[in-house]
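J.: A single structure is presented below for examination.
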Amino acid sequence: MIAIILLGPPGAGKGTLAEEIKTAFHIPHISTGSIFREAAAGKTPLGEQVRSILASGGLVPDELTIALVRDRLKQGDTERGYILDGFPRTLPQAEALEGFARPGAVINLCLPEEEVTARLSGRRTCPACGEIFHVRHRPSRKEGLCDRCGAGLTIRPDDEEGAIKNRLRVYRTQTAVLEGFYRERGLCHDLDCHRPPAEIWKELKPFLQGLEADPPPSSSI
Ligand code: AMP
């Protein structure tokens, strides 16, 4: 069973990698960022609550985020595994997760901070289908338009310069500690992401196949 967490700074490539894993292993990609962005685009109470937090690059309160992930993991499609992308992001979230799910590995995406900033400022996102592009690393075929659905590409509000700085500060002060948390538990698998995607995949795929061969923990919650 492949039940994994993708850990790493914003811009390290968690979303792109998660989509690749989802396609190869047929397990759901659960991105708290995508869930919040979708909510922020609508008129629901959750949307109202998270809109300004997202634009600033700050974090949505733990209690709300934990409840959302707990509910999502109860859905039937997670029985064969799941990819958590962007959760947990704080120590209280990681501690809470231990109470309701037991991931088999934490993939720690390693990338120098200058590269993280360069990647975030060049990122372009399709507001219609969620596809991610990059002006340098993954340009769309027609400039400014999504390859998959043709919609106009946008810069996420939290990829604007001020928000990027804030997100990196939040990562350093609140999320980076999780690396040690999972290392202590023997779950942390470092993945050098400062190299071409094909090389990253060549290392990651057999690792995931190894996890797939393992049965789910008998005491799974
Ligand atoms: P991401 O797409 O993962 O970079 O997330 C985008 C934004 O959603 C973050 O900057 C936060 O405002 C919010 N967010 C995503 N995941 C979490 C989380 N686990 N805890 C709190 N806020 C989150």
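With this note's numbering applied, the sequence shown has no gaps in its numbers, which climb one by one up to 222 at the end. Ideal Cβ positions, reconstructed from N, Cα and C, are used throughout, including at glycine. The structure presented is a predicted model; accordingly, all values stated were derived computationally and were not measured.
(1) Run through the DSSP bridge pairs and tell me what C111 is partnered with.
(2) With DSSP run on the structure shown, which of helix, strand or coil describes S32?
(3) Using a Cβ-based criterion (distance less than 7 Å to any ligand heavy atom), does F182 qualify as near ligand 1?
(4) Specify the secondary structure class of L205 as computed by DSSP and reduced to three states.
(5) Can you have a look at H27 and say buried or exposed, based on whether 16 or more other CB atoms are within 10 angstroms of its CB?
(6) Among P140, A97, R157, F101, whose alpha-carbon lies nearest the alpha-carbon of T126?
(7) Which of helix, strand or coil does DSSP assign to F88?
(8) Measure the CB-CB distance between L169 and A13 and report whether it falls below 8 Å.
(9) Quick one: residues in its chain with C-beta nearer than 8 Å to the C-beta of D63, no 5 flanking neighbours on either side, listed in chain order?
(10) Among T174, P29, V171, C130, which has the Cα closest to the Cα of C147?
(11) Among residues of its own chain, excluding the 5 on either side of G123, which ones have a beta-carbon nearer than 8 Å to its beta-carbon?
(12) Is T126 helix, strand or coil when you go by DSSP?
(13) Who are the Cβ neighbours of G34 in its own chain at under 6 Å, not counting the five residues just before and after it?
(14) If we count Cβ pairs, one from each stretch, closer than 8 Å, do we get three or more for the segment 63-72 versus the segment 105-120?
(15) Have a look at A164 and R120 and give me their C-alpha separation to the nearest angstrom.
(16) Determine the burial state of G181: buried for a count of at least 16 other Cβ atoms within 10 Å of its Cβ, exposed for fewer.
(17) Does the Cβ of I3 lie closer than 7 Å to at least one heavy atom of ligand 1?
T.: In terms of the structure at hand:
(1) D193
(2) strand
(3) no
(4) helix
(5) exposed
(6) R157
(7) coil
(8) Cβ atoms of L169 and A13: not closer than 8 Å.
(9) T91, P93, Q94, A97
(10) Comparing Cα positions, the closest option is C130.
(11) H135, V136, R137, H138
(12) strand
(13) G87
(14) no
(15) A164 and R120: Cα-Cα distance of roughly 14 Å.
(16) exposed
(17) no
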